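Be aware that the sequence shown starts at 7, since it is given in my numbering, and climbs by one per residue.
We treat Cβ as the ideally placed atom computed from N, Cα and C, and that holds for glycine.
This structure is a prediction, so every number in the text was calculated from the model and none was measured.
As structure tokens, the structure follows; a few thoughts come after it.
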Amino acid sequence: MRGKKLAALATASLLVLSGAACGSTTESGSADATTPASTPKAGGAGGTVGVFTWWADGSEKKGLDALEVMFKKQYPNDTFQNLAVAGGSGSNAKAKLASDLKNGNPPGSFQGHAGAELMDYIDADQVEPVDDIIKELGGESVFPKTLLDKLTVDGHIYSVPVDIHRANVVWSNTALLKKAGITSTPTDVAGWLADLQKVKDSGVATPLSIGGTWTQTELFESILASNLGADEYSKLFSKDGKWDSDGVKQSIEQYKKALTFANTASDGDDWPNATDMVADGKAAYNVMGDWAVAQFEMKGKTYKTDWDAFAMPGKENIFDFLADSFTLPAGTKNPGGTQDWLRFVGSKDAQTTFNKLKGSIPPRTDISSDGFSAYQRSAMKDFKSSDTKIVSSIAHGAAVPLAWSSEINTAMSKFYQDKNTDNLVSALVASHDKYAQ
Ligand code: GAL
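Below, the structure written as structure tokens:
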């Protein structure tokens, strides 16, 4: 079952994720789902609800804090417990979560990425279906069916999606670009590398800012998807994936070139520092998911005036997708409280407030774009456009399972040290051969 599901996940380029024109007919939220949700009680079921995320600092914490305030108001009987573990992309949190789950000590709910990562938890029987909650929230009439499909196994839905992020965004400092004489957006990766050179020639010591390993993986996957296009990139995660193709090798060479313009980073350097370098005029570019919007906003910087953003350019307009969702862990101590949390994070109010603060798009399709930032409105437009190709992020659990992404990160970390293309290709091929189904 799992193999089938993963292969389907990997090759889907998700053109219709916006819900505008759903085509798939299998496996989505079956009406006869069997997991009974507790009947919602006014004020909540009572007891503690420990919520596990990696939204522990800065702009990410702001979104979670707003949810906490709203949850407390709407569910006064429940006690919210913030179990966040710092470290972007779950770089520390995922190990802690894995050991808690293994030791039979699950939190009330944990953050998991729609797609391959969630399938890991389902496969290990660590999460329970939440069909009734999704149904209560409106099911396919409010959530895109193709997104629900990424949360579904054997007709059961296993989490409630809370946001949709784009990973392949190039953020820029407008003043530094102006100083370098850059007046238009590049149309391919080679053009962007040429602009990095122009920035360097204008006297900027660090044209590109990077953080620790997962941010490097994200930069690499952005270049990869731009060069390969959606179909070839998505195929990489299936049996037929060719990680030693010319397109992959060319992307590694371009990625290596990009690194020559970047600051020196250690494995654990987190993303806010890298994004701040652009906000503060210390770097011209940073490639980061659009949680970066919240960071620019937190620093009081204005879109188009102080900073700008474009998707990594290439042969198609790629939307490198990931979505956070919340789960009902198997064996959690207070399932009634967890279900309150899930009802809450799936609601229109919670998703509106949270996504405005987080820089993301609400998965719910019944939320108006009014009040969202200009960047977010442009991301929503792109996400729905038939010209956009939606692919799954490697660095953020959508494309590959945890074990595979962890091996890719190890290979990227080695590459950061030795810059040896052949070694990286061999490692990527080996991981593919081990995990692709
Ligand atoms: C992603 C997560 C985002 C954001 C980002 C940086 O994995 O889905 O919501 O938290 O990491 O930490």
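Residue 118: buried (16+ other C-beta within 10 angstroms of its C-beta) or exposed?
Working through the sequence shown from its first residue, we reach residue 118 at position 112. With 16 or more other Cβ atoms within 10 Å, it is buried.
Using only the alpha-carbon positions, how far apart do residue 131 and residue 150 sit?
Numbered from 1 along the sequence shown, position 125 holds the residue referred to as residue 131. Numbered from 1 along the sequence shown, position 144 holds the residue referred to as residue 150. For residue 131 and residue 150, the distance between alpha carbons rounds to 25 Å.
Closer than 6 Å by C-beta to residue 441: which residues in its own chain qualify, once you throw out the five before and the five after it? Chain order, please.
Residue mapping note: residue 441 aligns to position 435 of the sequence shown, counting from 1. The residues are 410.
How long is the line joining the alpha carbons of residue 430 and residue 121, rounded to whole angstroms?
As a position in the sequence shown, residue 430 is number 424, starting the count at 1. As a position in the sequence shown, residue 121 is number 115, starting the count at 1. Taking the straight line from one Cα to the other gives about 25 Å.
Given this structure, state the Cα-to-Cα distance separating residue 389 from residue 248, to the nearest angstrom.
The residue given as residue 389 occupies position 383 in the sequence shown. The residue given as residue 248 occupies position 242 in the sequence shown. Rounded to the nearest angstrom, the two C-alpha atoms are 27 Å apart.
Between the stretch 211-229 and the stretch 249-266, do three or more beta carbon pairs fall short of 8 Å?
Result yes; three or more Cβ-Cβ pairs closer than 8 Å.
Assuming residue 55 is part of the alpha helix (DSSP H), what are its boundary residues?
Locating residue 55 in the sequence shown gives position 49, counting from the first residue. Premise fails: residue 55 lies in the beta strand (DSSP E), 53-58, not in any alpha helix (DSSP H).
For the 8 Å Cβ check, are there 3 or more pairs between the stretch 154-168 and the stretch 206-224?
Verdict: no, contact absent.
Within 10 angstroms of its Cβ, does residue 78 collect 16 or more other Cβ (buried), or is it exposed?
Working through the sequence shown from its first residue, we reach residue 78 at position 72. When all chains shown are included, residue 78 counts as exposed.
So, are the CB atoms of residue 319 and residue 194 less than 8 Å apart?
To locate residue 319, count along the sequence shown from 1; it is residue 313. To locate residue 194, count along the sequence shown from 1; it is residue 188. Yes. Within cutoff.
Starting from residue 61, trace the beta strand (DSSP E) both ways and give me its first and last residue.
If you number the sequence shown from 1, residue 61 lands on position 55. Run containing residue 61: none; DSSP gives neither H nor E here.
Is residue 297 close to the ligand GAL? I mean its beta-carbon at under 7 Å from any heavy atom of the ligand.
Numbered from its first residue, the sequence shown carries residue 297 at position 291. It does: the Cβ of residue 297 is within 7 Å (strictly closer) of some heavy atom of the ligand GAL.
For residue 336, tell me which candidate among 347, 135, 62, 419 has the shortest Cα-Cα distance.
Translated into the one-based positions of the sequence shown, residue 336 becomes position 330. Residue 336 has its Cα closest to that of 135, out of 347, 135, 62, 419.
Quick check on the burial criterion: 16 or more other C-beta atoms within 10 angstroms. Buried or exposed for residue 380?
Position 374 of the sequence shown, counted from the start, is the residue given in the question as residue 380. Residue 380 is exposed by the Cβ-count criterion.
Report the residue from 416, 393, 344 whose alpha carbon sits nearest the alpha carbon of residue 6.
Look at the range of the chain in this structure, 7 to 443, and you will see that residue 6 is not part of it.
Measure the C-alpha to C-alpha separation of residue 99 and residue 90 and round it to an integer number of angstroms.
As a first step, residue 99 must be located in the sequence shown, where it is residue number 93. As a first step, residue 90 must be located in the sequence shown, where it is residue number 84. So the alpha carbons of these two residues sit roughly 8 Å apart.
How long is the line joining the alpha carbons of residue 29 and residue 186, rounded to whole angstroms?
Against the sequence shown, residue 29 aligns to sequence position 23. Against the sequence shown, residue 186 aligns to sequence position 180. Caution applies to residue 29, whose pLDDT of 27 falls short of 50 and renders its modelled position unreliable; the model cannot decide the point.
Can you tell me where the alpha helix (DSSP H) with residue 248 in it begins and where it stops?
In the sequence shown, the residue the question calls residue 248 occupies position 242. Per DSSP, residue 248 belongs to no alpha helix (DSSP H) and is neither H nor E.
List the whole-angstrom C-beta distance separating residue 274 from residue 97, where the pair is believed to meet the contact cut-off of C-beta under 8 Å.
For the purposes of this step, residue 274 is taken as the residue at position 268 of the sequence shown. For the purposes of this step, residue 97 is taken as the residue at position 91 of the sequence shown. Confirmed, Cβ separation roughly 7 Å.
Could you check where the beta strand (DSSP E) with residue 301 kicks off and where it finishes?
Locating residue 301 in the sequence shown gives position 295, where the first residue counts as 1. Counting along the chain, residue 301 falls outside any beta strand (DSSP E), though it belongs to the alpha helix (DSSP H) covering 298-304.
If we call anything under 8 Å between Cβ atoms a contact, is residue 399 one with residue 325?
Start at 1 with the first residue of the sequence shown, and residue 399 comes out as number 393. Start at 1 with the first residue of the sequence shown, and residue 325 comes out as number 319. Going by C-beta atoms, residue 399 is not nearer than 8 Å to residue 325.
Report the rounded CA-to-CA distance for residue 307 versus residue 363, giving the unit in angstroms.
Reading the sequence shown from its first residue, position 301 is the one you call residue 307. Reading the sequence shown from its first residue, position 357 is the one you call residue 363. Cα to Cα, residue 307 sits roughly 14 Å from residue 363.
For the alpha helix (DSSP H) containing residue 320, name the first residue and the last one.
On the sequence shown, residue 320 is found 314 positions in, with the first residue counted as 1. Unbroken run through residue 320: none, as it is neither H nor E.
Can you tell me whether residue 181 is helix, strand or coil according to DSSP?
As a first step, residue 181 is located in the sequence shown; it is residue number 175 there, counting from the start. Helix.
If you run the structure through DSSP and keep just helix, strand and coil, what is residue 314?
Numbered from its first residue, the sequence shown carries residue 314 at position 308. Correct three-state label for residue 314: strand.
May I ask you to list the residues that DSSP assigns as paired with residue 329?
Taking the first residue of the sequence shown as 1, we reach residue 329 at position 323. Paired residue(s): 170.
DSSP state of residue 421, grouped into three classes?
In the sequence shown, residue 421 corresponds to position 415, counting from 1. Here residue 421 sits in helix by DSSP.
Quick one: what's residue 334 bridged to in DSSP?
By one-based count along the sequence shown, residue 334 stands at place 328. In DSSP, residue 334 forms a bridge with 134.
What span of residues does the alpha helix (DSSP H) with residue 115 cover, start to end?
As a first step, residue 115 must be located in the sequence shown, where it is residue number 109. That residue, residue 115, is in no alpha helix (DSSP H); its beta strand (DSSP E) goes 115-119.
Measuring CA to CA, which of 156, 266, 175, 145 is closest to residue 315?
For the purposes of this step, residue 315 is identified with residue 309 of the sequence shown, where counting begins at 1. Checking every option, the nearest Cα to that of residue 315 belongs to 175.
In three-state DSSP terms, what is residue 40?
On the sequence shown, residue 40 is found 34 positions in, with the first residue counted as 1. Legend: pLDDT at residue 40 = 45, less than 50; position of this residue unreliable, no value from coordinates given.
Buried or exposed: residue 311, going by 16 or more other Cβ atoms within 10 Å of its Cβ?
Position 305 of the sequence shown, counting from 1, holds the residue named residue 311. With fewer than 16 Cβ atoms within 10 Å of its Cβ, residue 311 is classed as exposed.
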